[in-house]
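Written out below as structure tokens is the structure these notes cover.
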Amino acid sequence: MLHMKQDMDGVSGNQPVDQNRAEEEEMLKRVHGQARPWTDVCIPVMQGVGDLVKRWPVQKAVDPVEVKGYPQRGQEKQGDEPQRILSPLQHGGIAICHGPEHQGFKSGPEEDTTAQRPEHSVAMRLSIKAMHYFLTAVDLRSIVRAAQHRNVVPSAISSAIDAVEGEFGLKLVQRFPAKGIQPTAAGIIIAQKIRRLIEEYDDLIIGGNELRDALSGKLSIGYYAPMAPAFLPATLAPLMMENPEIRLQCIECNNESAQLGLLDGTFDVIVFVSDSVHLGISCDTLIDAPPYLLLPPTHPLAKRRSVAFAELADLDMVLLDLPFTTKYLRGLFEGIGFEPQIVATASSSEMVRNLVGAGVGCSILNMRPLGGSTHSGKPVVEIPIRPPVQSLRLVLGYLDGNPRRVVSAVRESILAYFGTPDARKLIVANKGKTRRRTVSDQAADELE
């Protein structure tokens, strides 16, 4: 490497230029193996002696010029910042920098060192296919047989082996022409780890497909309490008896929490009222349920075939006190311009029915149980309200992105149920002909 052994102060400014050039080209020849033309990029170096300007063609491989007062070769500290020897503004050229990262300049465009890959950069990820090919070759001890087994060309297997070896920076197989391959000790270890990884990957794929296709596993349903108990058991029981691997979870909620639970993955499907449906939820309409009047059999209106909504203004009312239902019922009363006379509230429809059966008051509900009396055994009377007022639309909510077969089966089962006559018995409708039903232990006036 090039070192200036004499002090710059001792250089005579009267030496012939040709002699200087000859000496410089001889030095460069020793460094680079060939003489460089004088027209290469030149770096002006001045140490303040007379008017001498000495020019040296500098390549990146050339050591920094020793200058009095600056560290000599081998004396630089690791991480030292480059030290400027001459200011390019003062001398009209490119200043030489001295430091571990600046050992001269190369002619032409600067090299972009930022694009070079760091020694410990994030490794390239291996594909599952490459690992399969590598493992097959190791198992069969042959690239050719592995290619035949995988129905690919041998070069694909060879490339996969190269990729795995390159990823880990290890020699994993020894290749013997015409004899096959033999895994190294490192290759055996890596092959075992790859085998476990592929087995877990296969289990993941199989498990995911089974979860999607099988009528099994956990099925979580959120339901709006006043509506669903009348029909959910009847729709789910046959499905569960045919598919005993289903594990059912039914959770009572209000209209809002049911939707939020569906969106956050708590529920697979929900049964709720289609009021303020959240974005992202798909709905199947199940039934439109109009309001009806629930009375004790001793009430003066109990013998009527139907009642007008205005007739309810003076009645003592038992209110179903749930977030959406309260708003809905009060809206009905506000529509005809009066406040209901609320004497009791309850948070379950069954408690409302029992309070009405006990004679506490009357109530307005939208759906009824199919079968019978209240829990207390007291009879109640259900009478349609005329003219028809705003109904509640009961819907089945789900997410389009849930492809599980069991979810699709539940949807189909519930939708099929609401096409049967039994589903129509869940409501008290007033369609041209008024009807009433008395529900007791021995039901009278049974709805057709």
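According to UniProt numbering, the sequence shown is numbered sequentially starting from 1.
Just so you know, even glycine gets a beta-carbon here, dropped at the ideal spot from N, CA and C.
Burial state of residue i, where buried means 16 or more other Cβ atoms lie within 10 Å
| i | result |
| --- | --- |
| GLN249 | exposed |
| LEU236 | buried |
| ASP268 | buried |
| VAL153 | exposed |
| PRO388 | exposed |
| LEU279 | exposed |
| PRO177 | exposed |
| ARG175 | exposed |
| PRO384 | buried |
| LEU370 | exposed |
| GLY187 | buried |
| HIS375 | exposed |
| GLU382 | buried |
| ALA308 | exposed |
| PRO379 | buried |
| SER306 | buried |
Sequence-distant residues of its chain with Cβ nearer than 6 Å to residue i (five each side left out)
| i | result |
| --- | --- |
| ARG247 | LYS218 |
| ASN366 | ALA289, PRO291 and LEU392 |
| ILE157 | TYR133, ALA137, ILE143, ALA146 and ALA147 |
| SER220 | GLN249, PHE267 and ASP268 |
Inter-residue spacing [alpha-carbon to alpha-carbon] between residue i and residue j
| i | j | result |
| --- | --- | --- |
| ILE336 | VAL356 | 23 Å |
| ARG304 | LEU294 | 12 Å |
| SER274 | GLY222 | 14 Å |
| SER142 | SER159 | 14 Å |
| LYS129 | LYS193 | 15 Å |
| ARG196 | ALA289 | 57 Å |
| LEU126 | LEU262 | 37 Å |
| MET131 | ILE198 | 8 Å |
| TYR133 | GLY208 | 24 Å |
| HIS98 | LEU170 | Low local confidence applies: a pLDDT of 40 at HIS98 is under 50, so the model's placement there is unreliable, with the coordinate-based value given in what follows. Approximately 38 Å between the Cα atoms of the pair. |
| LEU415 | ALA228 | 13 Å |
| SER413 | ASN243 | 13 Å |
| ASP316 | THR266 | 40 Å |
| PHE168 | ILE190 | 9 Å |
| ILE251 | GLY361 | 30 Å |
| VAL173 | SER282 | 55 Å |
| VAL164 | VAL406 | 41 Å |
| ALA225 | LEU260 | 16 Å |
| PHE333 | ILE364 | 11 Å |
| GLY331 | GLN390 | 10 Å |
| SER348 | THR326 | 12 Å |
| LEU394 | THR298 | 32 Å |
| PRO296 | LEU286 | 29 Å |
| SER155 | LYS179 | 16 Å |
| LYS425 | ASP400 | 30 Å |
| ASP264 | CYS253 | 15 Å |
Where the beta strand (DSSP E) through residue i begins and ends
| i | result |
| --- | --- |
| VAL381 | 380–386 |
| PHE272 | 269–273 |
| SER220 | 217–224 |
| ALA302 | Unbroken run through ALA302: none, as it is neither H nor E. |
| PHE176 | 173–176 |
| ILE342 | 341–346 |
| ASP288 | 282–289 |
| ILE157 | Unbroken run through ILE157 is the alpha helix (DSSP H), 154–168; no beta strand (DSSP E). |
| GLY361 | From DSSP, GLY361 is part of no beta strand (DSSP E); its letter is neither H nor E. |
| LEU295 | 292–295 |
Residues near residue i in its chain [Cβ-Cβ closer than 7 Å; skip 5 each side]
| i | result |
| --- | --- |
| ARG411 | VAL269, ASP284, LEU396 and TYR398 |
| TYR417 | PHE231, ALA234, THR235 and ALA423 |
| ALA346 | VAL318, LEU320, ASP321, VAL352 and LEU355 |
| PHE272 | TYR224, ASN255, ALA258, GLN259, VAL395 and GLY397 |
| GLY359 | PRO296 and THR298 |
N- and C-terminal bounds of the alpha helix (DSSP H) containing residue i
| i | result |
| --- | --- |
| ILE128 | 128–140 |
| LEU263 | 255–263 |
| PRO403 | Note, PRO403: premise wrong, no alpha helix (DSSP H); not H, not E. |
| GLN148 | 143–150 |
| GLY357 | 349–357 |
| MET317 | Where MET317 is concerned, there is no enclosing alpha helix (DSSP H), although the beta strand (DSSP E) it sits in stretches over 316–320. |
| PRO238 | 232–242 |
| GLY331 | 323–335 |
| PRO421 | 421–424 |
Same chain only: Cβ atoms within 8 Å of residue i, ignoring 5 sequence neighbours per side
| i | result |
| --- | --- |
| PHE338 | ALA313 |
| ALA123 | At ALA123 the pLDDT is 47, less than 50, meaning the model places this residue with poor confidence and gives no usable figure here. |
| PRO238 | SER413 |
Interface flag, residue i vs chain B, CB-CB below 8 Å
| i | result |
| --- | --- |
| GLU334 | Chain labels in this structure do not include chain B; a single protein chain is all it has. |
inquiry  = Check whether the segment 167–187 and the segment 138–145 are in contact - that is, three or more C-beta pairs closer than 8 Å.
reply    = yes
task = Inspect the CB distances between the segment 342–362 and the segment 191–207 and report whether three or more fall short of 8 Å.
result = no
message = Three Cβ pairs or more, each shorter than 8 Å: is that satisfied between the segment 311–325 and the segment 410–422?
response = No contact exists between the segment 311–325 and the segment 410–422.
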